[in-house]
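So for the sequence shown, our numbering puts the first residue at 10; every next one is plus one.
Glycine included, each C-beta is placed from N, C-alpha and C at the ideal position.
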Amino acid sequence: MGVVLVVAAGLTACAPATASGQACDQSHKRNLGVVAGSTANAPAVALPASASAQVQAAGKTNGSVTVVVPSGTPQVMGTTALGSSAQDAIVCQNDQRTKLTQITSYIDGLKASAPEVDFLGAIDQAARNLGSDPMGVIVVGSGLQTTDPLNFAGTGLLYADPAQVVADLTARKLLPADLKGVTVYWSGMGDTAGAQQPLTVPARSNLEAIWSAVIAAAGGTLSLLPEPASGSAAAGLPAVTAVTVEPVSTKTDWSKPVVIRNSELLFTKDTASFSDPAAAQTVLATLVPAIEQNGKPVTITGTASKDQATDNTADTALSLKRAETVKAALVGLGVPASLLQTAGVGFEWCGWKKETDASGAYSDAVAEQNRTVILTSAGVGLCG
Numbered sequence: 010m011g012v013v014l015v016v017a018a019g020l021t022a023c024a025p026a027t028a029s030g031q032a033c034d035q036s037h038k039r040n041l042g043v044v045a046g047s048t049a050n051a052p053a054v055a056l057p058a059s060a061s062a063q064v065q066a067a068g069k070t071n072g073s074v075t076v077v078v079p080s081g082t083p084q085v086m087g088t089t090a091l092g093s094s095a096q097d098a099i100v101c102q103n104d105q106r107t108k109l110t111q112i113t114s115y116i117d118g119l120k121a122s123a124p125e126v127d128f129l130g131a132i133d134q135a136a137r138n139l140g141s142d143p144m145g146v147i148v149v150g151s152g153l154q155t156t157d158p159l160n161f162a163g164t165g166l167l168y169a170d171p172a173q174v175v176a177d178l179t180a181r182k183l184l185p186a187d188l189k190g191v192t193v194y195w196s197g198m199g200d201t202a203g204a205q206q207p208l209t210v211p212a213r214s215n216l217e218a219i220w221s222a223v224i225a226a227a228g229g230t231l232s233l234l235p236e237p238a239s240g241s242a243a244a245g246l247p248a249v250t251a252v253t254v255e256p257v258s259t260k261t262d263w264s265k266p267v268v269i270r271n272s273e274l275l276f277t278k279d280t281a282s283f284s285d286p287a288a289a290q291t292v293l294a295t296l297v298p299a300i301e302q303n304g305k306p307v308t309i310t311g312t313a314s315k316d317q318a319t320d321n322t323a324d325t326a327l328s329l330k331r332a333e334t335v336k337a338a339l340v341g342l343g344v345p346a347s348l349l350q351t352a353g354v355g356f357e358w359c360g361w362k363k364e365t366d367a368s369g370a371y372s373d374a375v376a377e378q379n380r381t382v383i384l385t386s387a388g389v390g391l392c393g
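Written out as structure tokens, the structure is:
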């Protein structure tokens, strides 16, 4: 029996049937799980727009949301209905908007109450009340779990083979049981604050690969939300052990693309120049040993946001120039030029995300996700 989460009193308004018809259809509810709450060593939680859109979608079906804080011992905060029982369209929509505002504010204010972080256990708890047609599970956090059975702190797990991690969890029967057919929408994976050292590109890439493999083994699908988490950690939180980040990774998985976000390289807008060359060089230096040890040519491909453009010519040229800038930086760091190739695809590629919503409103947060440089070994596609 789930606990009822009371966000605010009087959320559901009832109104008699009117000419506007039965707006709040209760026949096809879709439920949502949310794993969120500020923890040490990660930016304070603020539900991003893409996650709020999922909450809003669940509310429009009159579904419910189960909220879990990923403390070292996950805190199940309860389940609350997001919809309305109103029969009038305007009343129904007002109810749903009010609940969206209230639940978002509630989630943003949550904080861990116990030391360490347990995302795996929290996801398991959040997925238990989803029903037969779930909206999914939203996770907000770094992904750097610091409790067993997925303890990244002091174990070298951050550089482990994802397949081996899955094999261990499967053998121990520790995979979440209710993720079959569920999409896990993750915001802020790999984004750190406080005492946690920032992740290198290989470390972030492998962290994403581990979680993708774990969620897939449990029957679900990982979808990384576009907005990076930033800012300081909230004050006064229970301690979380910092995860060691090796200055050089020797375990980059070249069977998958390695994605470098524009927020890491910081290209000056509409140019192929780094706004902070020293910071970009620090990011790229972490890839040098992995490229050399791979021993095969690596293609550096630039991608771009569409920004409402109607033609891809200029974006293809700009993305190619950015790839060439990255190549020049890597060569300057000692990578043989013979191991590096470049390409530019602009906004026409398999991983491009639509930058406008159903109403046609443009989202720069989504566009930013399309601005990347992707490194691939021979025979590996841009989307894996």
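Just mark Gln378 as buried or exposed, buried being the case when its beta carbon has 16 or more other beta carbons within 10 Å.
-> Counted from its first residue, the sequence shown places residue 378 at position 369. So Gln378 counts as buried.
Can you find at least 3 beta carbon pairs, one from the stretch 100–111 and one from the stretch 37–47, that sit closer than 8 Å?
-> no
For Gly355, the residue or residues it bridges with in DSSP = Here residue 355 refers to the residue found at position 346 of the sequence shown. Thr312, per the DSSP bridge assignment.
For Val76, which of helix, strand or coil comes out of DSSP?
-> Counted from its first residue, the sequence shown places residue 76 at position 67. In this structure, Val76 counts as strand in the three-state DSSP scheme.
Sort out for me which residues DSSP pairs Trp195 with in a bridge.
-> Here the question's residue 195 lines up with position 186 in the sequence shown. Per DSSP, Val148, Leu233.
In angstroms with no decimal places, state the Cα-to-Cα distance between Gln134 and Thr201.
-> Position 125 of the sequence shown, counting from 1, holds the residue named residue 134. Position 192 of the sequence shown, counting from 1, holds the residue named residue 201. Approximately 24 Å, taken between the alpha carbons.
Can you tell me whether DSSP reads Pro298 as helix, strand or coil?
-> As a working note, residue 298 is residue 289 in the sequence shown. Helix.
Reduced DSSP category for Phe283 - H, G, I as helix; E, B as strand; rest coil = If you number the sequence shown from 1, residue 283 lands on position 274. Residue state, collapsed to three classes: strand.
Counting only runs that start and end within the stretch 61–122, where is the alpha helix (DSSP H) found for 4 or more residues in a row?
-> 98–117
In terms of DSSP beta bridges, what is Gly369 paired with?
-> In the sequence shown, the residue the question calls residue 369 occupies position 360. The partner list for Gly369 (beta bridge, DSSP) is empty, contrary to what the question assumes.
Once you ignore the five residues that flank Ala294 on each side, which residues in its own chain have a CB closer than 6 Å to its CB?
-> Within the sequence shown, numbered from 1, the residue matching residue 294 stands at position 285. Leu342, listed in sequence order.
Assumed close pair Ile132, Pro185 - CB separation to whole angstroms, cut-off 8 Å = For the purposes of this step, residue 132 is identified with residue 123 of the sequence shown, where counting begins at 1. For the purposes of this step, residue 185 is identified with residue 176 of the sequence shown, where counting begins at 1. So it is a contact: roughly 6 Å between Cβ atoms.
Mind checking Glu217: buried by the 16 CB within 10 Å criterion, or exposed?
-> Counting from one through the sequence shown, the residue named residue 217 turns up at place 208. Glu217 is buried by the Cβ-count criterion.
Could you name the residues of the same chain whose beta carbon sits closer than 6 Å to that of Leu153, not counting the 5 residues immediately before and after it, in chain order?
-> Translated into positions along the sequence shown, residue 153 becomes position 144. Closer than 6 Å at Cβ, skipping near neighbours: Phe161, Val252.
When DSSP labels each residue in this structure, what does Thr385 get in the three-state scheme?
-> Numbered from 1 along the sequence shown, position 376 holds the residue referred to as residue 385. Note: Thr385 maps to strand in three-state DSSP.
Between the CA atoms of Ala338 and Gln290 - distance to the nearest angstrom | In the sequence shown, counting from the first residue as 1, residue 290 sits at position 281. In the sequence shown, counting from the first residue as 1, residue 338 sits at position 329. About 7 Å.
Identity of the residue in Gln96, Asp279, Ser73 nearest Arg137 by Cα = Along the sequence shown, one-based indexing puts residue 137 at 128. Among Gln96, Asp279, Ser73, the Cα nearest to that of Arg137 belongs to Ser73.
Measuring CA to CA, which of Thr230, Ser368, Ala332, Ala225 is closest to Val268?
-> Residue 268 sits at position 259 when you count from the first residue of the sequence shown. Closest option to Val268, Cα to Cα, is Ala332.
Would you say the stretch 140–156 touches the stretch 84–92, given that touching needs at least three Cβ pairs under 8 Å?
-> no
State the DSSP-derived secondary structure class of Phe128, mapped to helix, strand or coil.
-> What you label residue 128 is simply residue 119 of the sequence shown in a count that begins at 1. Helix.
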